[in-house]
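>
Pasting the structure below:
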């Protein structure tokens, strides 16, 4: 199993973001929602949300354990981007 791409990275809550992960699983591409717990521009933890039923939850959780540090590094630019967008939106609504 390997991560192909991460799409629709978005703020869910003040310190929580979500994204749709597309993974190669055998000959299939599966989709799983990942939930990222943030502090500043750092990702503290990654949890599994809804996912295709082709794969078991335990298999996906094991995959997350194996590649958690790589995912954290990979999403850092996206975290900074959505934080900046959120700050700009808050400033424009207050003006």
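Numbering (UniProt numbering), first residue to last: 1 to 95. The beta carbon of each residue, even a glycine, is placed where N, CA and C say it ideally should be. Just so it is clear, the structure is predicted and the values come from calculations on it, not from any experiment.
In angstroms, rounded to a whole number, what distance separates the CA positions of residue 1 and residue 92?
Here residue 1 refers to the residue found at position 1 when the chain shown is read from its first residue. Here residue 92 refers to the residue found at position 92 when the chain shown is read from its first residue. The alpha-carbon atoms of residue 1 and residue 92 are separated by roughly 42 Å.
> Please determine, among 11, 74, 77 and 46, the residue with the shortest C-alpha to C-alpha distance to residue 62.
Position 62 of the chain shown, counted from the start, is the residue given in the question as residue 62. The shortest Cα separation from residue 62 among 11, 74, 77 and 46 belongs to 46.
> Would residue 6 pass as a contact of residue 21 if the rule is Cβ separation under 8 Å?
The residue labelled residue 6 in the question sits at position 6 within the chain shown. The residue labelled residue 21 in the question sits at position 21 within the chain shown. In contact: residue 6 and residue 21 (Cβ atoms closer than 8 Å).
> By Cβ distance below 7 Å, which residues in the same chain neighbour residue 86 in space, the five residues on each side in sequence not counted?
Looking up residue 86 in the chain shown gives position 86. For residue 86, where only same-chain residues beyond five positions count, the Cβ hits under 7 Å are 11.
> Determine the DSSP secondary structure at residue 47, reduced to helix, strand or coil.
Residue numbering aside, residue 47 sits at position 47 when the chain shown is read from its first letter. Three-state DSSP puts residue 47 in a strand.
> For the candidate residues 89, 37 and 69, whose alpha-carbon lies nearest to that of residue 13?
The sequence position of residue 13 within the chain shown is 13, counting from 1. Residue 13 has its Cα closest to that of 37, out of 89, 37 and 69.
> Residue 43 to residue 32, Cα distance in whole Å?
The residue labelled residue 43 in the question sits at position 43 within the chain shown. The residue labelled residue 32 in the question sits at position 32 within the chain shown. Answer to the nearest angstrom: the Cα atoms are 18 Å apart.
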